[in-house]
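Colleague: Quick one: the structure is below, questions incoming.
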Amino acid sequence: MEEFDHEVDAPRGATSREWEVFVREDTADPLTHVGSVSAPSADIAREQAASLFARTAVTLWLCPADETHRYQTDAATLGTGKTGDDATMSVDEMESETLRGENR
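Given below as structure tokens:
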């Protein structure tokens, strides 16, 4: 078996950009985040997202990942499923984290 010897979260190349993908499967449904794609332009990102995520979607939205920010209240928790664990992220931790989990 081969060793995993390359860095997965390496910075993206200058010709690639990460795009967050949101879909709505029915007109009455809310938009749901389904994943991300890497592409040099919005048009190519749309093609990739449509082939990966939009088989049953009526709406597909793309947002540049580097322009997407996430926020939570202090009371929101990210439970790990273990009883007694407190996985709440402080505001400082949240603000220093990017969508990919890298520190700025």
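Letter by letter, the sequence shown follows residues 1 to 104 in full-length UniProt numbering.
Ideal Cβ positions, reconstructed from N, Cα and C, are used throughout, including at glycine.
Since this is a predicted model, take the numbers as computed values, not measurements.
Assuming LEU60 contacts ALA45 (C-beta within less than 8 Å), just tell me the rounded distance between them.
Modeller: Rounded, the Cβ-Cβ distance is 10 Å, inconsistent with contact.
Colleague: One question on the structure: do GLU25 and CYS63 come within less than 8 Å of each other, judged by their Cβ atoms?
Modeller: No.
Colleague: Between SER36 and THR68, what straight-line distance do the alpha-carbon atoms span, to the nearest angstrom?
Modeller: Spanning the two alpha carbons is a distance of roughly 12 Å.
Colleague: Closest to ARG55 by CA distance: which of ALA28, PHE22, ALA39 is it?
Modeller: Ranking ALA28, PHE22, ALA39 by Cα distance to ARG55 puts PHE22 first.
Colleague: Quick one: residues in its chain with C-beta nearer than 8 Å to the C-beta of LEU31, no 5 flanking neighbours on either side, listed in chain order?
Modeller: The residues are PHE22, VAL23, ARG24, THR59, TRP61.
Colleague: Which of the three DSSP states is assigned to GLU25 in this structure?
Modeller: DSSP places GLU25 in coil when its eight states are reduced to three.
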